[in-house]
Every structure is written in structure tokens, then in C-alpha cells.
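Q:
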Amino acid sequence: MASIGHLRDLPKSSMGIDFENNYEPHYISIRGKGDVIKELRKEAKKANHVYLASDPDREGEAIAWHLSFLLGLNPEDKNRVVFNEITKDAVKSAFKAPRAINMDLVDAQQARRVLDRLVGYSISPLLWAKVKKGLSAGRVQSIALNMIIKRQREIQNFVPEEYWTMEADFKKGKSKKFGATFYGISSQKQSLANLNDVQAILAKFDKQKPFNVKNVVKKERKRQPAAPFTTSTMQQTANNTLKFRTAKTMMVAQQLYEGISLGKGGPVGLITYMRTDSTRISAVAKHEAAQFIHDEYGEEYAAIKPVKGKMPEGAQDAHEAIRPSSVLRTPEKVAPYLDKDQLKLYTLIWSRFVASQMTPAIIDTVRVDLDQNGVTYRANGSQQKFPGFTKVYQDAKRKDNILPDLAVGDEVLMQANNPSQHFTLPPAQYTEASLIKNLEENGVGRPSTYAPTLSVIQKRYYVKLVSRKFEPTELGEIVDRIMEDCFPDILNMNFTADLENSLDEIEDGKLEWIKVIDDFYQPFAKEVTAADQKLAKVKIKDEPAGVDCDICGAPMVMKLGRYGKFIACSRFPDCRNTKTISKEIGVLCPTCHQGQVVERKSKKNRTFYGCDRYPDCEFISWDKPAGRDCPKCQHFLITKKTKKGMQVKCSQCDYEEEIQTN
Numbered sequence: 022m023a024s025i026g027h028l029r030d031l032p033k034s035s036m037g038i039d040f041e042n043n044y045e046p047h048y049i050s051i052r053g054k055g056d057v058i059k060e061l062r063k064e065a066k067k068a069n070h071v072y073l074a075s076d077p078d079r080e081g082e083a084i085a086w087h088l089s090f091l092l093g094l095n096p097e098d099k100n101r102v103v104f105n106e107i108t109k110d111a112v113k114s115a116f117k118a119p120r121a122i123n124m125d126l127v128d129a130q131q132a133r134r135v136l137d138r139l140v141g142y143s144i145s146p147l148l149w150a151k152v153k154k155g156l157s158a159g160r161v162q163s164i165a166l167n168m169i170i171k172r173q174r175e176i177q178n179f180v181p182e183e184y185w186t187m188e189a190d191f192k193k194g195k196s197k198k199f200g201a202t203f204y205g206i207s208s209q210k211q212s213l214a215n216l217n218d219v220q221a222i223l224a225k226f227d228k229q230k231p232f233n234v235k236n237v238v239k240k241e242r243k244r245q246p247a248a249p250f251t252t253s254t255m256q257q258t259a260n261n262t263l264k265f266r267t268a269k270t271m272m273v274a275q276q277l278y279e280g281i282s283l284g285k286g287g288p289v290g291l292i293t294y295m296r297t298d299s300t301r302i303s304a305v306a307k308h309e310a311a312q313f314i315h316d317e318y319g320e321e322y323a324a325i326k327p328v329k330g331k332m333p334e335g336a337q338d339a340h341e342a343i344r345p346s347s348v349l350r351t352p353e354k355v356a357p358y359l360d361k362d363q364l365k366l367y368t369l370i371w372s373r374f375v376a377s378q379m380t381p382a383i384i385d386t387v388r389v390d391l392d393q394n395g396v397t398y399r400a401n402g403s404q405q406k407f408p409g410f411t412k413v414y415q416d417a418k419r420k421d422n423i424l425p426d427l428a429v430g431d432e433v434l435m436q437a438n439n440p441s442q443h444f445t446l447p448p449a450q451y452t453e454a455s456l457i458k459n460l461e462e463n464g465v466g467r468p469s470t471y472a473p474t475l476s477v478i479q480k481r482y483y484v485k486l487v488s489r490k491f492e493p494t495e496l497g498e499i500v501d502r503i504m505e506d507c508f509p510d511i512l513n514m515n516f517t518a519d520l521e522n523s524l525d526e527i528e529d530g531k532l533e534w535i536k537v538i539d540d541f542y543q544p545f546a547k548e549v550t551a552a553d554q555k556l557a558k559v560k561i562k563d564e565p566a567g568v569d570c571d572i573c574g575a576p577m578v579m580k581l582g583r584y585g586k587f588i589a590c591s592r593f594p595d596c597r598n599t600k601t602i603s604k605e606i607g608v609l610c611p612t613c614h615q616g617q618v619v620e621r622k623s624k625k626n627r628t629f630y631g632c633d634r635y636p637d638c639e640f641i642s643w644d645k646p647a648g649r650d651c652p653k654c655q656h657f658l659i660t661k662k663t664k665k666g667m668q669v670k671c672s673q674c675d676y677e678e679e680i681q682t683n
């Protein structure tokens, strides 16, 4: 039977920690889990023996410990079984050697839970009192917000630097033209900082005279497949390639894990557990994959030693990597039973796993240096010799760049030379994928925390997603400034990493969890008291909206709410008239042909379009109307942004126009 996660936790309504009694946590049954607890107790009474087989990590050990309390079991009895893979042999083997509950693991989890509670329930009330109600702070979310704001400052303070490149076309005899780029002088790399540098190089050679092939380097390069997915790499890849939000990725993965009905019979779990920081694969899965690759693609595609992948520091290795439960269930076979999003994610997981068990791709590369009077241009060519894993998983589109046969001493003529001015770009804003990657690299949080962390900083309106990139809000900057001024240790990644090391030492039995909590809390409590005395009430000023209330005639103002800014009457609470902030897009409503289409924000800060005559006209669209009707079916046309430019499509039929390039 499944406990379906934790059954006991700290209460939501209070701190739940006894400061007078060595920080003793006060656990209560989680609301909504009553029926599960009742059913487990009923079945436990009937059973001759109860085994606890939750995950083999800190969280799993704590769940087993809470279960032993709820079911009246002795935690010192040998009733705890652990296995790192859900295969028949691993499970049977685990039951041959049950053990007692490991209290060091339980204490490590308790320490983390208490730490997070101390931070969240100490700082959040301070933010309510000094800024506004409904705000929160936490160890991971505060660092995530701080990273986004620091990146935004870098972008704002960035000063572009000028640089130039020279791309040229060359030709050998009657062969096709090929491209080369200015490299340097006498094969020593040289950058071009400005137009003067470019003109100095142009003065050194004669475009009409041939360049000599000075150097040819041919190599064979192997491109290794990536390891199977962990939680964070799956979230990053799904965000980058499928444009899935992190929360959506985890929701769809949960569906695939819990099971999908494949025709006859009950639901079948299509993937292994989706919360893992390990790239390990079971021997059974490796064997099945090797046989499948051998039969489907050929012997030369099956790797003798599949890629293992580098385990992140601090990984608990409780579960296998995310993989299909059976490689024989190909995306093509399960496609009829999955919805569009499920199929996309399953295909990604399946192909990544199969590729990880395949041989490398082999690419022939050639590098050619062309010289005239010491001026060196360099051409790089590549051609795929053997596809290897890319037969299944192509994570980046690559094109062959084939150069003509060139040998040292050959002469080639320059056909065209194109000096171009460029400017360095600021660092990119964080996307969900890049933020998760940076959090993981800095040892902040765990795979299971990333999705809820990104969700909460958006829910609190500390940040907003604009074109899939995070931008801090005014409220986010206020909260971050308070955290930087009053609680610098919480935002210090080294401090956070040291805490994680302390948790590891508790797990290993080298540290007492109470001492770790006390060492953290004593200075932290003083910081909270000092912050309460030091911080003045932050007044978020209302901005004039430039319109009058259509109910009482008083001026309207822009206020900051839970989901962003909105317009409200300045006489609140006497007048409770509110409106969403909207802007006209210059398009007549395609439904009533009287009102103007305006851009608005939903409660969850998502952009949509509607008629300004609402509720008299109920036109609404998630896509921006183009202001024209479809010549095919007469429904309104919409515009969508693509990588290549703007695409005009019909909102109803399959009519679409050529993409207008950016």
C-alpha cells in the first residue's frame, strides 16, 4: 500500500517548534490524509508483519519513521526495506535484509524541515508587517529571487564593447565557394576592436592576389551522448525544447509515472520515478536497451560501455535516472493512448535514455589556414561520418560544412570580404531552465524543490515571465532589498552550501541535528529582532491612473495586488470599483465590430485579448487578433511570434500566410 508521501508535518497555523525543549518539532497529521492513515492502520492490524519500503533517502527515511509512529511500530525493529531500483530482483533482494530505521537520516531530514520553518515563519510575518500581507521568504526562494535581480542589475549596468569580424568567401579553381573568417597575423589570433584595426589588416593584403593554404589539420571527433535524465536536466530540456513550464513538466511526468491505460488491462506506468538526482540505470534496463538497439538499429549502434554521466555533488542516488519502464514501449506504440503533451515528454525521455545506451556520433573535422603576407583566414569544415546516438536523439540541429579538397601549398582566390561591426551583448535574463541549472550548480535546493520554488516567486508577484524570461517586479526588488540588508547569510550561497554540508554530516552521524539548528538560530533570531526594529513600514505608492471612477467619479489609481498592478478607485473602501489594466492594440473587435480590442492580464499574469465593451461583448482570445478576416472562412486572423518572425494564421481553419521575417 502507498502512503502517498508524507502523512505528518509541522502545522501550517503556527511555528510548530518547541524552543524551550531543544527545538522539538510538533508534528500533526496532514489535513486530507485522514482516510489514508485510517486505511493503513486497518490493514496493518490484519497483517502478520509490516514492512516500510519508502524511498532510500532522507525524505523516505523520515516517511518510514512517521509511519512507524502512526502504525504503532517499533522503529528499532528490522522492518525497513530499501531498494534503489524497482526491478523484481532488487525488490526481492531488499526483503532478504530488512533493517531498523536509520535515525541519522531521519534527523538530517528533520533538521532541513526545521531550518526551512525557522526561516520562513520568522521572516514572512516581518514582510507582512513592513511591506504587505501575503508575502513570504524561504531559503531557496530568496536565493532564486536574488539571482534574478542580480542578473537584471548586470544587464542594466552593462556597457557594450565594440568589436569587428571579417567573413570572406574563397574559391579553389572551379570548386564551390567556401567561407573563412579572419583569424590573425602569422597564425597568431588577433581580435579586431574597431574600424582602424580592420583597415590596418585590409592594407596588409591584396584581394586580387591568391591566398596560400598554409596549414591543414584533419581530425576525427567523437560526440558522446548525454546521460539519462535527472529531474533538473529533464526540467531544463523540456523548457528549452518543448517550451514546457517547469510545473507543467512535473505534472505530465507524474501522469506518465502513475500510469496510462494502453487499451486492455489497467494503467501502465510508462516511466520510472521522476524525482531523482541520479543518472544510474538498472542492469535489467541496460540489458533490455542493448538488445533493442541491436535489433532495431544494428550491432554498431549498441554501446559496450554506455555513458554514465557525472553525479551532482550531494546527490542522494535514491532512485534510478528517469527512463521508460520498458524501452520496448516506443513512442510510436504508445502514441494512440497519450495526449499531445504526454507524447512529447515521453518521446523526450525515451529517446534520451535510448541514446545514452548507444555509441558516440563520429564527425570528421578539417581546419584550414589561408595566408597572404602574414594575414591568416581560417576555415572550419565538418562532416558526420557515423550518426551513432543521433539516430535517435538529436539535441541540437547541426549541418555539415564540407570544404573542397585542400592541401598545403594550394592557392585559393578571395571572392568577397565582409567586415562587420558588432557589440558585445549583456548576459541573458534567466529562463526557468537556466535558473534551475544555476541553482543546481550552486548546490541550492533539491530536484523536488525547483518547480514549487519557481511557482511561489511568481505567485507572490516577486517576478514575472516575459517572453519566457524572468523579470523582477517592484515588489520583488523591495523584498530582496530587505533580505540583502537584514539577512545576508540567507542569500549567501557559501553559507547555504555549508548548511547542506552540515546536513550531510548529520546523515553520516558526525553531527547532532540540534547543535546545527542552534548554531544557525541563535544569530538568526538576533537578526530578526534587529530587522523588526530597524525596518520602517514600506509604502508602495499608488500611481494616478489618469481616469475617473465610472461609479463615483473620484480619480482612479494603480495599485499593486497579488497578481500584479490593477486600477482601483481612490475612495476605497467606500468605493470598491476595480478594473484590470488594459491597452488598445489598434484593432476593431471581430465579434461586435464596435469596441476596441485591448490587451489585458489574467489573474495569473498571462496576457489575453478582449473587447473593451465587456460585459456587453464577450469576445476573448489568448492570441493577438490581426485586424483582418480569413479569406477562406471569414473568421478573424491572429498573429503568432515564431523564431523566424511573425506568423499570421486563421483562428478557425488551416489558413496561414508566409512568415514575415524579423
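If you read the sequence shown in the numbering used here, its first letter stands for residue 22, the second for the next number, and so on. Note that CB positions come from ideal geometry on N, CA and C, so glycine has one too.
(1) Going by DSSP, what residue range makes up the beta strand (DSSP E) through Pro646?
(2) CB-CB under 7 Å to Asn683, same chain, minus the five flanking residues each way: which ones, in chain order?
(3) Examine the Cβ distances between the segment 427-442 and the segment 183-194 and report whether three or more of them are shorter than 8 Å.
(4) Nearest to Asp571 by alpha carbon, out of Lys66, Ser603, Lys555 and Thr599?
(5) Would you tell me roughly how many angstroms separate the C-alpha atoms of Asn236 and Asp431, rounded to the nearest one?
(6) Could you pull the start and end residues of the beta strand (DSSP E) that Lys33 belongs to?
(7) By a C-beta neighbour count over all protein chains shown, 10 Å radius and 16 as the cutoff for buried, is Val234 buried or exposed?
(8) Just confirm the distance between the C-beta atoms of Arg414 and Thr267, as a whole number of angstroms; I'd bet it's less than 8 Å.
(9) How far does the alpha helix (DSSP H) with Ile538 in it extend, from its first residue to its last?
(10) Name the two residues that bound the continuous beta strand (DSSP E) containing Pro468.
(11) Going by DSSP in three states, Asn439 sits in which element: helix, strand or coil?
(12) Please return the same chain residues whose Cβ sits closer than 6 Å to the Cβ of Val7, not counting the five positions on each side in sequence.
(13) To the nearest angstrom, how far is the alpha carbon of Gln213 from that of Trp149?
(14) Count the other CB atoms within 10 Å of the CB of Cys693; is the residue buried (16 or more) or exposed (fewer)?
(15) Would you give the residue range spanned by the beta strand (DSSP E) that Ser403 belongs to?
(16) Around the C-beta of Lys580, are 16 or more other C-beta atoms found within 10 angstroms, so that it is buried, or is it exposed?
(17) Excluding the five sequence neighbours on either side, which residues of its own chain have a C-beta within less than 8 Å of the C-beta of Ser372, listed in chain order?
(18) With a CB to CB cut of under 7 Å and the five nearest residues on each side skipped, what residues in its chain are close to Tyr318?
(19) Taking just the CA atoms, how far does Glu461 sit from Val127?
(20) Quick one: Cα of Tyr482 to Cα of Glu533, how far?
(21) Return the bridge partner residues of Glu620 from the DSSP annotation.
(22) Return yes when the Cβ of Pro345 is within less than 8 Å of the Cβ of Ser302, no when it is not.
(23) Lys193 and Leu427 look like a contact to me (Cβ under 8 Å); what is the Cβ gap, rounded to whole Å?
(24) The alpha helix (DSSP H) with Lys109 in it runs from where to where?
(25) Please name the residue in Asp30, Asn43, Leu31 and Ile25 whose C-alpha comes closest to that of Val537.
(26) Under DSSP, the beta strand (DSSP E) around Glu564 begins and ends at which residues?
(27) Based on Cα-Cα distance, which residue from Thr628, Arg627, Leu609 and Glu605 lies nearest to Val619?
(28) Count the other CB atoms within 10 Å of the CB of Gln131; is the residue buried (16 or more) or exposed (fewer)?
(29) Which full runs of the alpha helix (DSSP H) of 4+ residues lie inside the segment 221-271, going along the chain?
(30) Of the residues His340, Arg242 and His315, which one's Cα is nearest the Cα of Asp76?
(31) Under 6 Å Cβ to Cβ from Asn123, same chain only, skipping five residues before and after it: list those, please.
(32) Hey, Tyr72 and Pro119 are a contact pair by Cβ (cut 8 Å); roughly how many whole angstroms apart?
(33) Give a yes or no on whether the C-beta atoms belonging to Cys726 and Gly607 are separated by under 8 Å.
(34) In the DSSP assignment, find the beta strand (DSSP E) that holds Glu80 and state where it starts and stops.
(35) Find out if the Cβ-Cβ distance for the pair Gln177, Gln276 is shorter than 8 Å.
(36) Output yes or no for whether 8 Å exceeds the beta carbon distance between Ala324 and Thr368.
A: According to the structure data:
(1) To locate residue 646, count along the sequence shown from 1; it is residue 625. Per DSSP, Pro646 belongs to the beta strand (DSSP E) from Lys645 to Asp650.
(2) Taking the sequence shown and counting its residues from 1, the one referred to as residue 683 is at position 662. The predicted position of Asn683 is uncertain, since its pLDDT is 47 and thus under 50; a value taken from the coordinates is nonetheless stated next. Within the same chain, Asn683 has close Cβ partners Gly666.
(3) Touching, per the Cβ criterion.
(4) Residue numbering aside, residue 571 sits at position 550 when the sequence shown is read from its first letter. It is Thr599 whose Cα lies nearest to the Cα of Asp571.
(5) Position 215 of the sequence shown, counting from 1, holds the residue named residue 236. Position 410 of the sequence shown, counting from 1, holds the residue named residue 431. Roughly 10 Å between the two C-alpha positions.
(6) The residue labelled residue 33 in the question sits at position 12 within the sequence shown. Going by DSSP, Lys33 is part of no beta strand (DSSP E) at all; its letter is neither H nor E.
(7) Taking the sequence shown and counting its residues from 1, the one referred to as residue 234 is at position 213. Val234 is buried by the Cβ-count criterion.
(8) Mapped onto the sequence shown, residue 414 falls at position 393. Mapped onto the sequence shown, residue 267 falls at position 246. Reading the sequence as shown, one finds Tyr at residue 414 and not Arg. With a Cβ gap of about 21 Å, Tyr414 and Thr267 do not count as contacting.
(9) Locating residue 538 in the sequence shown gives position 517, where the first residue counts as 1. That run of the alpha helix (DSSP H) goes Trp534 to Lys555.
(10) Within the sequence shown, numbered from 1, the residue matching residue 468 stands at position 447. First-last for Pro468: Pro468 to Lys480, but that is the alpha helix (DSSP H), not the beta strand (DSSP E).
(11) Along the sequence shown, read from residue 1 onward, the residue named residue 439 stands at position 418. Three-state result, Asn439: strand.
(12) Only positions 22 to 683 of the chain appear in this structure, which leaves residue 7 out of reach.
(13) The residue given as residue 213 occupies position 192 in the sequence shown. The residue given as residue 149 occupies position 128 in the sequence shown. Looking at the sequence provided, one finds Leu at residue 213 rather than Gln. Rounded to the nearest angstrom, the two C-alpha atoms are 54 Å apart.
(14) With the chain covering 22 to 683 only, the question about residue 693 has no answer from this structure.
(15) On the sequence shown, position 382 is the one that residue 403 refers to. Counting along the chain, Ser403 sits inside the beta strand (DSSP E) bounded by residues Val396 to Phe407.
(16) Working through the sequence shown from its first residue, we reach residue 580 at position 559. When all chains shown are included, Lys580 counts as buried.
(17) Indexing the sequence shown from 1 puts residue 372 at position 351. For Ser372, where only same-chain residues beyond five positions count, the Cβ hits under 8 Å are Pro352, Val413 and Tyr414.
(18) Along the sequence shown, one-based indexing puts residue 318 at 297. Taken in chain order, the residues that qualify are Lys412.
(19) The residue given as residue 127 occupies position 106 in the sequence shown. The residue given as residue 461 occupies position 440 in the sequence shown. So the two alpha carbons sit approximately 23 Å from each other.
(20) The residue labelled residue 482 in the question sits at position 461 within the sequence shown. The residue labelled residue 533 in the question sits at position 512 within the sequence shown. Using only the alpha carbons, I get a separation of about 38 Å.
(21) Your numbering for residue 620 matches position 599 in the sequence shown. Glu620 is bridged to Lys604 and Tyr630.
(22) One-based indexing of the sequence shown puts residue 302 at position 281. One-based indexing of the sequence shown puts residue 345 at position 324. A small correction: the amino acid at residue 302 is Ile; Ser does not occupy that position in the sequence shown. No, Cβ-Cβ distance for Ile302 and Pro345 is not below 8 Å.
(23) Along the sequence shown, read from residue 1 onward, the residue named residue 193 stands at position 172. Along the sequence shown, read from residue 1 onward, the residue named residue 427 stands at position 406. About 7 Å separates the two Cβ atoms, so the contact holds.
(24) Translated into the one-based positions of the sequence shown, residue 109 becomes position 88. According to the DSSP assignment, Lys109 belongs to the alpha helix (DSSP H) that extends over Lys109 to Phe116.
(25) Within the sequence shown, numbered from 1, the residue matching residue 537 stands at position 516. Considering only alpha carbons, the answer is Asn43.
(26) Working through the sequence shown from its first residue, we reach residue 564 at position 543. Per DSSP, Glu564 belongs to the beta strand (DSSP E) from Glu564 to Asp569.
(27) Your numbering for residue 619 matches position 598 in the sequence shown. When each option's Cα is compared against that of Val619, the closest is Glu605.
(28) Along the sequence shown, read from residue 1 onward, the residue named residue 131 stands at position 110. Buried.
(29) 252-258
(30) If you number the sequence shown from 1, residue 76 lands on position 55. Comparing Cα positions, the closest option is His340.
(31) For this step, residue 123 is matched to residue 102 along the sequence shown. Around Asn123: Glu82.
(32) Along the sequence shown, one-based indexing puts residue 72 at 51. Along the sequence shown, one-based indexing puts residue 119 at 98. Going by Cβ atoms, the distance from Tyr72 to Pro119 rounds to 7 Å, so yes, they are a contact pair.
(33) No answer is possible for residue 726: the residues shown for the chain start at 22 and end at 683.
(34) As a working note, residue 80 is residue 59 in the sequence shown. First-last for Glu80: Arg79 to Leu91, but that is the alpha helix (DSSP H), not the beta strand (DSSP E).
(35) For the purposes of this step, residue 177 is identified with residue 156 of the sequence shown, where counting begins at 1. For the purposes of this step, residue 276 is identified with residue 255 of the sequence shown, where counting begins at 1. No, the pair does not count as a contact, with Cβ atoms beyond the cut-off.
(36) The sequence position of residue 324 within the sequence shown is 303, counting from 1. The sequence position of residue 368 within the sequence shown is 347, counting from 1. Remark: C-beta atoms of Ala324 and Thr368 do not approach each other more closely than 8 Å.
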